[in-house]
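In the working numbering, the protein residues as written are 1454 to 1523.
See below:
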């Protein structure tokens, strides 16, 4: 497949009281672990942040940095 996951940044549209953003972003991490392996190319750094709003109104926005392997 030629890709390695380097970092996942998850932005969660949430209220001030909600503090489980990391649990929401688990879904993205779990997907990359399933696709690329938990201990191999799917292992990555991760940040999960809460926002009062996101552009265009989505519940979650995920940014991913991949390395292209040769």
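Even for Gly, the Cβ is constructed at its ideal location relative to N, Cα and C.
Alpha carbons only, please: which of 1503, 1518, 1517 is nearest the one belonging to residue 1511?
For the residues 1503, 1518, 1517, the minimum Cα distance to residue 1511 belongs to 1503.
Could you check what DSSP says for residue 1485 in three-state terms: helix, strand or coil?
Residue 1485: helix per DSSP, three-state reduction.
Can you say whether residue 1524 is buried or exposed, counting buried as having 16 or more other CB atoms within 10 angstroms of its CB?
The structure shown does not extend to residue 1524, since the chain is modelled only from 1454 through 1523, so no value can be given for it.
Starting from residue 1519, follow its DSSP beta bridges and name the residues at the other end.
1458, per the DSSP bridge assignment.
With which residues is residue 1479 paired in a DSSP beta bridge?
The partner list for residue 1479 (beta bridge, DSSP) is empty, contrary to what the question assumes.
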